[in-house]
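Number of protein chains: 2
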Amino acid sequence: MFAACLVKRLSLYRRVLGALASPEGWAGGLGSSDGEYVFSHDLASLAGVSAAQVRRDVMTIGYTGSPRRGYDVAGLIGRIGEFLDAPGGQSAVLVGLGHLGKAVLAYVGGRRTGLRIVAGFDVDPAKCGRVIHGCRCHGMEALAEVIAEHGANVGLVAVPGAEAQNVSIQLVRAGVRGLLNFAPVRLQVPEYVFVEDVDITVSLESVAFFARHDAVRRQAMIKEAVR
Amino acid sequence: MFAACLVKRLSLYRRVLGALASPEGWAGGLGSSDGEYVFSHDLASLAGVSAAQVRRDVMTIGYTGSPRRGYDVAGLIGRIGEFLDAPGGQSAVLVGLGHLGKAVLAYVGGRRTGLRIVAGFDVDPAKCGRVIHGCRCHGMEALAEVIAEHGANVGLVAVPGAEAQNVSIQLVRAGVRGLLNFAPVRLQVPEYVFVEDVDITVSLESVAFFARHDAVRRQAMIKEAVR
DNA sequence: GACGAGTTGTGAATGATATCACAGTGTGAA
DNA sequence: TTCACACTGTGATATCATTCACAACTCGTC
Numbered sequence: 002m003f004a005a006c007l008v009k010r011l012s013l014y015r016r017v018l019g020a021l022a023s024p025e026g027w028a029g030g031l032g033s034s035d036g037e038y039v040f041s042h043d044l045a046s047l048a049g050v051s052a053a054q055v056r057r058d059v060m061t062i063g064y065t066g067s068p069r070r071g072y073d074v075a076g077l078i079g080r081i082g083e084f085l086d087a088p089g090g091q092s093a094v095l096v097g098l099g100h101l102g103k104a105v106l107a108y109v110g111g112r113r114t115g116l117r118i119v120a121g122f123d124v125d126p127a128k129c130g131r132v133i134h135g136c137r138c139h140g141m142e143a144l145a146e147v148i149a150e151h152g153a154n155v156g157l158v159a160v161p162g163a164e165a166q167n168v169s170i171q172l173v174r175a176g177v178r179g180l181l182n183f184a185p186v187r188l189q190v191p192e193y194v195f196v197e198d199v200d201i202t203v204s205l206e207s208v209a210f211f212a213r214h215d216a217v218r219r220q221a222m223i224k225e226a227v228r
Numbered sequence: 002m003f004a005a006c007l008v009k010r011l012s013l014y015r016r017v018l019g020a021l022a023s024p025e026g027w028a029g030g031l032g033s034s035d036g037e038y039v040f041s042h043d044l045a046s047l048a049g050v051s052a053a054q055v056r057r058d059v060m061t062i063g064y065t066g067s068p069r070r071g072y073d074v075a076g077l078i079g080r081i082g083e084f085l086d087a088p089g090g091q092s093a094v095l096v097g098l099g100h101l102g103k104a105v106l107a108y109v110g111g112r113r114t115g116l117r118i119v120a121g122f123d124v125d126p127a128k129c130g131r132v133i134h135g136c137r138c139h140g141m142e143a144l145a146e147v148i149a150e151h152g153a154n155v156g157l158v159a160v161p162g163a164e165a166q167n168v169s170i171q172l173v174r175a176g177v178r179g180l181l182n183f184a185p186v187r188l189q190v191p192e193y194v195f196v197e198d199v200d201i202t203v204s205l206e207s208v209a210f211f212a213r214h215d216a217v218r219r220q221a222m223i224k225e226a227v228r
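So the protein lines, in turn, are chains C and X.
Heads up, the first sequence is in the numbering used here, so the first residue is 2 and it goes up one at a time.
Heads up, the second sequence is in the numbering used here, so the first residue is 2 and it goes up one at a time.
Dropping the structure here:
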């Protein structure tokens with residue numbers, strides 16, 4: 002079983018590398034790197050991890066760089082794609098087209114990867130039939146049918162907490178095997194379903210805590226420096 | 002230094018406990034627990050972690066339960082609050098009032114905790130002066146002033162990727178010490194600033210990966226069972 | 001062609017996190 | 001009042017993730 006954090010870092014590397022390889026070549030102040038090749042420490046600083054971590058991750062997916070030149074950007078992007086993406090592409094559906102759902106569509110819609118959000122669902126009849134951010138919206142009654150039609154196996158849950166559990170059951174019943182859950186609720190699903198929670202409240206409280214706590218550590222460091 | 006994951010779990014426990022303690026007593030099928038007391042394994046299953054993890058966490062924050070009855074719900078909520086929350090409350094500001102910003106306000110606005118989102122900012126003049134989800138919106142030029150006025154030390158960055166770095170610099174300059182970043186960019190900030198990334202693209206790709214990978218593991222398990 | 005500077009690749013060491021397993025204990029039942 | 005059970009608290013252990021540190025290598029330079 003591959004570690005979850007490895008997969009997330011690879012996804013991040015790919016995005017960073019994509020920016021490097023793009024036509025304008027990422028004007029940002031990257032020390033070395035001409036856009037063709039990248040060193041582990043450059044990729045590391047762009048991704049906010051250590052250089053050793055980058056090298057270890059690259060090794061894990063079986064890619065190889067060249068001493069003195071670094072990693073071939075296009076080649077590494079390709080290898081990450083082979084590792085992360087489904088060979089024939091993968092389809093996802095989004096349930097809940099409130100502010101959050103729309104924001105997610107706007108974010109992901111632009112990205113060009115092996116993964117597409119092929120349909121949206123909402124209880125609000127006013128939204129049905131409309132196309133939002135390039136994604137067709139259906140009523141909840143069409144859920145199973147549309148999922149089957151596209152062979153989607155990923156579901157995004159962007160509904161209020163009270164409905165999230167119910168929605169997730171419907172998704173799983175329709176064949177979904179991975180859930181990205183934005184609702185502030187822990188979903189109870191069969192163990193063969195993978196759930197990733199994006200819990201804004203929890204993240205926010207965590208930031209608030211460390212905003213204070215780092216201040217404490219700063220003072221401790223100052224004290225130590227004085228001594 | 003307290004581990005980041007401990008803080009997140011505590012935040013989660015608190016929310017789950019709050020649901021347990023609420024008037025209607027969480028109709029959901031919790032085996033034991035009458036709403037007054039809760040066992041480590043019940044809290045664990047509600048939070049999606051192991052019972053040993055719960056006991057360890059409770060120990061870490063110095064709370065104590067009673068054998069045979071479990072933890073006092075109200076007492077534990079209180080202790081978690083002492084640990085997580087700033088004594089006099091804490092203020093945060095939100096930059097970017099697009100779909101995502103509004104969604105965040107809707108989520109967090111309802112919650113009653115030591116943390117308040119006291120102001121929003123956006124470049125769009127049409128939004129300035131309005132009150133969205135109970136939060137007053139200002140133009141970017143008022144950033145430093147409003148932050149100073151409220152003594153806010155937490156900032157939420159919900160702007161497009163291209164502007165995120167610039168916004169984060171302004172926030173830090175105005176005194177913010179913790180950032181919750183929704184933009185698909187790694188922020189470069191001084192090391193005394195705590196950054197938490199909520200990276201929807203990365204999370205989604207991770208879910209997509211494990212939706213497939215767990216399927217593989219399932220097949221492997223079936224093979225093994227047949228043998 | 002030989003050299004040296006600056007990379008990568010990776011075994012080993014460290015550190016962080018979660019689990020195990022069981023002694024200790026308060027509680028309700030008899 | 002006594003007892004036994006089911007739970008907590010926690011040292012020890014296992015697992016997972018990251019970093020260290022250095023040999024091996026490659027490329028530009030002399």
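In this text, a Cβ means the ideal position worked out from N, Cα and C, and glycines have one as well.
For E192 of chain X, the closest of C:S12, C:F3, C:A175 and C:G49 by C-alpha to C-alpha distance is C:G49. When 7 Å is used as the limit between beta carbons, K103 of chain C is near these residues of chain X: H100, in chain order. Taken in chain order, the whole beta strand (DSSP E) runs of length 3 or more contained in the segment 33-118 of chain C are 91-96. The continuous stretches of alpha helix (DSSP H) do not include H134 of chain X, and DSSP gives it neither H nor E.
The three-state reading of DSSP puts G19 of chain X in helix, counting H, G and I together.
Between the alpha carbons of G71 of chain X and V59 of chain X lies a gap of roughly 11 Å. Secondary structure at V177 of chain C: coil, using DSSP grouped into helix, strand and coil.
Among the residues facing chain C, Q171 of chain X is not included, as its CB has no counterpart in that chain under 7 Å away. Here L95 of chain X has G102, I118, G121 and L157 as same chain residues with Cβ atoms under 6 Å from its own Cβ, once five neighbours each way along the sequence are excluded. Take R80 of chain X, set aside five residues on each side of it, and the residues of its chain with a beta-carbon closer than 7 Å to its own are I62 and Y64, in chain order. One finds nothing in chain C with a Cβ atom closer than 8 Å to the Cβ of G176 of chain X; even the nearest lies about 10 Å away.
Contact between V186 of chain X and Q171 of chain X does not hold, since the beta-carbon distance rounds to 15 Å and is not under 8 Å. Per DSSP, the continuous alpha helix (DSSP H) segment holding V147 of chain C begins and ends at L144 to H151. In the three-state DSSP reduction, V194 of chain X falls in the coil class, being neither helix nor strand. For the pair L13 of chain C and A212 of chain C, the Cα-to-Cα distance works out to about 25 Å. Comparing alpha carbon positions, the residue from X:E146, X:R178 and X:F183 closest to E164 of chain X is X:F183. The Cβ atoms of V109 of chain C and L18 of chain C lie no closer than 7 Å to each other. Contact with chain X is absent for V50 of chain C, since none of that chain's Cβ atoms lies less than 7 Å from the residue's Cβ. Per DSSP, V124 of chain X is not a residue of any beta strand (DSSP E), being assigned neither H nor E. When 8 Å is used as the limit between beta carbons, Q91 of chain C is near these residues of chain X: A209, A212 and R213, in chain order. At least 7 Å separates the CB of Y72 of chain X from every CB of chain C. Nearest Cα to A175 of chain C within the set C:D198, C:E197, C:F195 and C:L144: C:L144.
According to DSSP, residue pairing for V155 of chain C in a beta bridge involves C:A93 and C:G179. Residue burial is scored here from C-beta neighbours: E206 of chain C has at least 16 other C-beta atoms within 10 angstroms and is therefore classed as buried.
Here F3 of chain C is exposed. Its C-beta has fewer than 16 other C-beta atoms within 10 Å. Contacts with chain C at 7 Å (Cβ-Cβ) include I201 of chain X.
Short of 8 Å from the beta carbon of C138 of chain X, and not among the five residues preceding or following it, lie these beta carbons of its own chain, in chain order: L98, A120, G121, F122, D123, K128, C129, G130, R131 and V132. A direct Cα-Cα distance of roughly 20 Å separates I78 of chain C from H214 of chain X. Interface flag for S12 of chain X against chain C is set, since a Cβ pair is found closer than 7 Å.
E197 of chain X places its beta carbon 7 Å or farther from that of V105 of chain C.
Residue contact with chain X for R80 of chain C: absent (no Cβ-Cβ distance below 7 Å to any residue of chain X). X:V39 is the residue among X:V168, X:V173, X:D125 and X:V39 whose C-alpha sits nearest the C-alpha of P68 of chain X. In terms of Cβ geometry, V8 of chain C and F84 of chain X do not form a close pair [threshold 7 Å]. In chain order, D58, I62, I81, F84 and L85 place their CB closer than 8 Å to the CB of L11 of chain X, counting only its own chain and leaving out the 5 sequence neighbours on each side.
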